[in-house]
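**Q** Heads up, the sequence shown is in the numbering used here, so the first residue is 850 and it goes up one at a time.
First the structure, then my questions, so here it is.
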Amino acid sequence: NFVNIDTLVFDEVNTGSTLYIFRQLIRFNCAILITHSNIAIPDKYIIMSLKVLTTKKALQTHLQTAINKSYPVLLITSEPAQDEFGLSNKAVETFVNFSKFTIGVQYGLKNIHVKHTSAYPTARCVDEAVAMAKRGGATTQIIGVGSGAAIDCAKAVSSILSTGDNSDNPCHKQLRNPQHGRLNKDMTDVELVLAPSTLAGIMASSSTSSLILDPHEEALIPLSCTSKITTVAVDSDQLTLQEAASAIEKRRDGRGGIGASVQEAALAALTICIDAAIHSAMNEDLENSSDIYSSHLSGHDADIILDVTANSLAHVLQTSNNCDDRILWKSHAVNASIHSGQLLRYGEITDSQGVFTRSMPVALSSALLPKYFPHGNLLTFWAALCCGMCKAALDNKRTTPALTRLSRIITGNINASCDDLYEWTERKFLESNAPTLAALTEGTPDIKEILNELNANQSLFGIDDGPLAFYMEEILHHSLNK
């Protein structure tokens, strides 16, 4: 029974046999995550240095064996703030309170508690958490609990502590100069445990960077995660899955609000998948170019994750949320969030290869979400881009093997094309009742002003989005005209 396999470990790994096995498992709706194990797997075969637990009482199970009670823990939690309608996410609040009880009372772990209330972490709140960790001696064990903001904050704090950066305001300095503090050869092992309570939190936990809000620039700036020891504990019973209907009812006006529904999270993951498929075409076009439009994943790894994510998304979006096997439906929603997070590219800077391109959803949200789309959270914003992503690929005739494969897996039609994917996505977007991009804005946005902001964002990071910039212009035109 492939579906019940939690972990697969390959000894004597070789690319051909591994890809064959993965392709076969995908046929059985089995979501796969390659992780570190006790077997010495060559680095080029490791997709993420990440251990994922997706079981009941996952956090408790991990705390029993992996956390050293002799040392204090830095606990970073999300404290749900009220949205513009005076609403808060009670399910997240319940999850956080239960986790605090588990950590502090049930297991008696001495902890330094940091509360995170904003929608995105800022350099100031990260630096304050780092300072608290150092004062309390909680520099080797960090636990992040709750929404995506708390998860990103915990990742950022862990990265700074692992580099041994003792300067003042280290997060602020690393955002301005990504190499600051990262050339230290004596990296400290920091045990990072992430217990996300939402699908957005799960996606954040498996991505390679945190998104930090710069209030002055009104931009979301990526900070690479350098933690060597990361465990993601997803409690299947405690996980908050918001249904589409109730999410829309809570928003009262159809705008993004306190959290994304499962369907919106799935559409956001589909946006990431389409971006990854388009990116594979860019790599083919630029194969002989001196410019670098690459990814932290190899081509084979990206193909595997893309197929696995698409398979889970097909199950979530094609099946009613009232289906008989709701546990499997929920599992696929979790798996799609984990794997789509792995596909995200943040424009990382490396010593040997220069700058990787950003995922288009990352670039657009970094430049535009805080300032121009204040009524949207990250996932509702990305979900609103999915039809525009398909349309841009169609208009530019990007019928790549990856995009064709994605179309066939998502639609369930072995003869499907990108045109079929676009029609299918349009239909599913309408069925989801997700807010359009225009609904997330304040007033009527000036498209020229938005495009200028996107160009300024590239300059801020010293990044050239290259041919992807043209795609993003088309995506915005289509998405805002829906």
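For every residue, glycine included, the Cβ atom is placed at its ideal position computed from N, Cα and C.
As the structure is a prediction and not an experimental result, all values here were calculated from the model.
Decide if L1279 is buried, meaning its Cβ has at least 16 other Cβ atoms within 10 Å, or exposed.
**A** Along the sequence shown, one-based indexing puts residue 1279 at 430. Under this definition L1279 is an exposed residue.
**Q** DSSP has A1068 in a bridge; who is on the other side?
**A** Within the sequence shown, residue 1068 is the residue found at index 219, counting from 1. Answer is D1063, bridged to A1068.
**Q** Going by C-alpha to C-alpha distance, which of R1254, L1218 and D1244 sits closest to A1233?
**A** Residue mapping note: residue 1233 aligns to position 384 of the sequence shown, counting from 1. Among R1254, L1218 and D1244, the Cα nearest to that of A1233 belongs to L1218.
**Q** Tell me the rounded alpha-carbon separation between S1008 and C1074.
**A** Translated into the one-based positions of the sequence shown, residue 1008 becomes position 159. Translated into the one-based positions of the sequence shown, residue 1074 becomes position 225. Spanning the two alpha carbons is a distance of roughly 5 Å.
**Q** When the Cα atoms are used, what is the spatial distance from I1154 to H1188?
**A** One-based indexing of the sequence shown puts residue 1154 at position 305. One-based indexing of the sequence shown puts residue 1188 at position 339. Roughly 6 Å separates the two Cα atoms.
**Q** Taking the straight line between their C-alpha atoms, what separation do you get for T910 and L1088?
**A** Stepping through the sequence shown from its first residue, residue 910 is reached at position 61. Stepping through the sequence shown from its first residue, residue 1088 is reached at position 239. C-alpha separation (whole angstroms): 16 Å.
**Q** Please list the segments of the alpha helix (DSSP H) lying wholly inside the region 1180 to 1244, counting only runs of 4 or more residues, in order along the chain.
**A** Those alpha helix (DSSP H) runs which fall completely within the region 1180 to 1244 and span 4+ residues are 1209 to 1221, 1227 to 1232 and 1235 to 1244.
**Q** Please look up how many angstroms separate the CB atoms of V1039 and I1078, rounded, as I've assumed it's under 8 Å.
**A** The residue you call residue 1039 lines up with position 190 of the sequence shown. The residue you call residue 1078 lines up with position 229 of the sequence shown. Confirmed, about 7 Å.
**Q** Could you pull out every residue in the same chain whose Cβ sits closer than 8 Å to the Cβ of C1267, ignoring the five residues on either side in sequence?
**A** Within the sequence shown, numbered from 1, the residue matching residue 1267 stands at position 418. Taken in chain order, the residues that qualify are C1239, A1242, L1243, R1247, T1248, L1252, T1253 and S1256.
**Q** Select from A1049, A1185 and Q990 the residue whose C-alpha is nearest the C-alpha of I1259.
**A** By one-based count along the sequence shown, residue 1259 stands at place 410. For I1259, the nearest C-alpha among the options comes from A1185.
**Q** In angstroms with no decimal places, state the Cα-to-Cα distance between A1094 and E1275.
**A** Working through the sequence shown from its first residue, we reach residue 1094 at position 245. Working through the sequence shown from its first residue, we reach residue 1275 at position 426. Bear in mind that a pLDDT of 42 at A1094, under 50, signals an unreliable position, so the number given afterwards is only what the model happens to contain. Distance between the alpha carbons of A1094 and E1275: 18 Å.
**Q** Given this structure, state the Cα-to-Cα distance separating T1293 from P1316, to the nearest angstrom.
**A** Here residue 1293 is taken as the residue at index 444 of the sequence shown, counted from 1. Here residue 1316 is taken as the residue at index 467 of the sequence shown, counted from 1. Approximately 27 Å, taken between the alpha carbons.
**Q** From the DSSP output, which residues share a beta bridge with P1045?
**A** As a working mapping, residue 1045 is identified with position 196 in the sequence shown. DSSP output for P1045 lists G995 as bridge partner(s).
**Q** What span of residues does the beta strand (DSSP E) with T910 cover, start to end?
**A** Position 61 of the sequence shown, counted from the first residue, corresponds to residue 910. T910 -> not in any beta strand (DSSP E); alpha helix (DSSP H) instead, spanning A907 to A915.
**Q** Beta carbon of Y956: closer than 8 Å to some heavy atom of the ligand ADP?
**A** No copy of the ligand ADP occurs in the structure displayed, which carries no ligand at all.
**Q** Considering only the alpha carbon of each residue, which of S1046, N1018 and V1006 lies closest to K905?
**A** By one-based count along the sequence shown, residue 905 stands at place 56. Looking at the Cα atoms, S1046 is the closest of the given residues.
**Q** Would you check if the region 991 to 1010 and the region 971 to 981 touch, i.e. whether three or more CB-CB distances between them fall below 8 Å?
**A** Yes: at least three Cβ pairs fall under 8 Å.
**Q** At what residues does the alpha helix (DSSP H) containing N1304 begin and finish?
**A** In the sequence shown, the residue the question calls residue 1304 occupies position 455. That run of the alpha helix (DSSP H) goes I1296 to F1310.
**Q** Would you call E1113 buried or exposed, if buried means 16 or more other Cβ atoms sit within 10 Å of its Cβ?
**A** The sequence position of residue 1113 within the sequence shown is 264, counting from 1. Result: buried.
**Q** Between V1339 and S927, how many whole angstroms is the CB-CB distance? I'm expecting something under 8 Å.
**A** There is simply no residue 1339 to check, as the chain begins at 850 and stops at 1331 in what is shown.
**Q** With distances taken between CB atoms, is the gap from L923 to G985 smaller than 9 Å?
**A** As a working note, residue 923 is residue 74 in the sequence shown. As a working note, residue 985 is residue 136 in the sequence shown. Against a cut-off of 9 Å, the Cβ pair of G985 and L923 comes out as a contact.
**Q** By the three-class DSSP mapping on this structure, what secondary structure does L1090 have?
**A** Here the question's residue 1090 lines up with position 241 in the sequence shown. DSSP places L1090 in coil when its eight states are reduced to three.
**Q** Kindly list the residues whose CB is nearer than 6 Å to the CB of R1181, restricted to its own chain and excluding five residues on each side of it in sequence; keep chain order.
**A** As a working mapping, residue 1181 is identified with position 332 in the sequence shown. In the sequence on display, residue 1181 carries His and not Arg. The answer, listed in chain order, is S1161, H1164 and V1165.
**Q** So if DSSP puts L902 in a beta bridge, which residue, or which two residues, is it bridged to?
**A** What you label residue 902 is simply residue 53 of the sequence shown in a count that begins at 1. DSSP output for L902 lists A1082 as bridge partner(s).
**Q** Does the beta-carbon distance from W1273 to A1117 come in below 9 Å?
**A** In the sequence shown, counting from the first residue as 1, residue 1273 sits at position 424. In the sequence shown, counting from the first residue as 1, residue 1117 sits at position 268. In this structure, A1117 does not lie closer than 9 Å to W1273 by Cβ.
**Q** If you run the structure through DSSP and keep just helix, strand and coil, what is L958?
**A** The sequence position of residue 958 within the sequence shown is 109, counting from 1. Three-state result, L958: coil.
**Q** For A845 and S1328, what's the separation of their Cα atoms in angstroms?
**A** No information on residue 845 is available, as it lies outside the stretch 850 to 1331 that the chain covers here.
**Q** If you measure from the beta carbon of L902 to each beta carbon in chain C, is any gap under 9 Å?
**A** In summary, chain C is missing from the structure at hand, where a single protein chain is found.
**Q** With DSSP collapsed to three states, give me the class of K1246.
**A** Walking along the sequence shown from the start, residue 1246 turns up at place 397. Residue state, collapsed to three classes: coil.
**Q** Measuring only the C-alpha atoms, how far is H1326 from Y1271?
**A** On the sequence shown, residue 1326 is found 477 positions in, with the first residue counted as 1. On the sequence shown, residue 1271 is found 422 positions in, with the first residue counted as 1. Spanning the two alpha carbons is a distance of roughly 16 Å.
**Q** Answer with buried or exposed for K918, where buried requires no fewer than 16 other C-beta atoms within 10 angstroms of its C-beta.
**A** For the purposes of this step, residue 918 is taken as the residue at position 69 of the sequence shown. So K918 ends up on the exposed side.
**Q** Which residue wins for smallest C-alpha separation from A968, given the options G1108, T1285, D1156 and L1213?
**A** Your numbering for residue 968 matches position 119 in the sequence shown. That would be G1108, whose Cα lies nearest to the Cα of A968.
**Q** Taking L1193 as the reference, give the member of T1057, E1322 and I1127 with the closest Cα.
**A** Indexing the sequence shown from 1 puts residue 1193 at position 344. Closest option to L1193, Cα to Cα, is T1057.
**Q** Exposed or buried, Q990, counting other C-beta atoms within 10 Å across all chains shown (16 or more means buried)?
**A** Here the question's residue 990 lines up with position 141 in the sequence shown. Looking at its Cβ environment, which holds 16 or more other Cβ atoms inside 10 Å, Q990 is buried.
**Q** Please classify G1261 as buried or exposed, where buried requires at least 16 other C-beta atoms within 10 Å of its C-beta.
**A** Mapped onto the sequence shown, residue 1261 falls at position 412. Burial call: exposed.
**Q** Classify Q1023: buried if its beta carbon has 16 or more other beta carbons within 10 angstroms, exposed otherwise.
**A** Working through the sequence shown from its first residue, we reach residue 1023 at position 174. Its Cβ being crowded by 16 or more others within 10 Å, Q1023 is buried.
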